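Heads up, this note's numbering is the position in the sequence shown plus 49, with the first residue counted as 1.
For every residue, glycine included, the Cβ atom is placed at its ideal position computed from N, Cα and C.
These numbers were taken from a predicted model, which means no experiment stands behind them.
What follows is a single structure, written as structure tokens, with notes after it.
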Amino acid sequence: MNDGNRSGGGTDDDRLIPKHGGFRDLKTFQLSELIYDVTVRFCHRFVSPRSRTFDQMVQAARSGRQNIAEGSVDSATSKKIELKLTGIAKGSQQELALDFEDFLRQRELPLWAPDHPALSRFRALRCDNLHAFRVWVADEVRRAGTLQDTDRHGRPRADTDRHSPPNVRARPHSSVSVRAPSVSPLAPREVLPATLAANAALSLLNVSTYLLERQIQSLAREFERNGGFTERLYRRRSALRG
């Protein structure tokens with residue numbers, strides 16, 4: 050797959066084969082690649098490799114990245130396919146977000162609001178690779194460890210939890226325990242890292258799906274204005290005959 054393919058001369062409106070394949074420059078691709086790396090690491094650490102969830106999450110994350118790339122490359126000859134694949138990428142990431150939410154809910158772990166202080170610190174770092182993501186998780190775990198505090202379940206509680214409103218600290222999905230018998234509990238030392246990683250992954254997914262929706266709208270407007278390869282070919286041949 051060539052991400053640097055370019056056609057020469059002319060504007061996108063008049064060239065037969067427009068610029069295409071520069072997916073590595075797309076913010077949506079960069080985010081989806083980070084989400085893929087984070088998801089693979091998360092699943093290997095916190096999800097049983099024998100579970101169906103493991104495969105579902107990894108495949109959904111990969112689908113998001115691959116469809117963005119393939120759509121960009123295929124845009125040379127089919128804007129319809131680019132639109133379709135970008136839409137599939139968005140759908141895959143929405144499914145992945147549900148899997149992360151399920152992970153938290155089924156283990157009775159908190160789903161944080163966007164303004165949670167730990168997530169605010171995460172966004173401020175603008176992590177763009179897996180190493181930076183892991184460093185943030187480790188820093189937050191150390192921050193929590195300095196407090197020598199636990200919640201009513203004996204689980205470590207970060208300072209951000211202590212000073213946040215109750216509905217942000219532990220926003221339950223249900224007042225009734227929903228832990229499924231097939232969901233293996235986390236080791237105590239893994240509870241906080243898993244909570245941090247899942248909520249940060251959801252934060253990345255929220256941004257990515259928003260940007261993908263904007264990308265889809267932009268592609269749709271471009272298709273309405275210029276048509277696809279067939280329309281451009283017709284205009285070019287008509288001009289040559291005229």
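The beta carbons of L145 and A110 sit closer together than 8 Å. In its chain, beyond the 5 residues on either side, K128, K129, L132 have a beta carbon closer than 8 Å to the beta carbon of F272.
The closest CA to that of F103, considering only A118, Y85, N116, is found on Y85. Residue environment for T195: exposed (fewer than 16 other C-beta atoms within 10 angstroms of its C-beta).
For S81, the uninterrupted alpha helix (DSSP H) segment begins and ends at 76 to 95. Close CB contacts of L260 within its chain, under the 8 Å cut and outside five residues either way in sequence, are with K76, T77, L80 (chain order).
When rounded, the separation of the alpha-carbon atoms in Q264 and R73 is 14 Å.
Per DSSP, the continuous alpha helix (DSSP H) segment holding D123 begins and ends at 101 to 123. In its chain, beyond the 5 residues on either side, S81, A138, S141, Q142 have a beta carbon closer than 6 Å to the beta carbon of G113. Closest in C-alpha terms to L83, from the list D177, M106, E119, Q155, comes D177. Taking each of E262, F152, N248 in turn and checking the Cα distance to P163, the smallest one comes out for N248.
In this structure, A236 keeps its C-beta atom at 8 Å or more from the C-beta atom of L158. Contact annotation: A173 and E189 have beta-carbon atoms that are not nearer than 8 Å.
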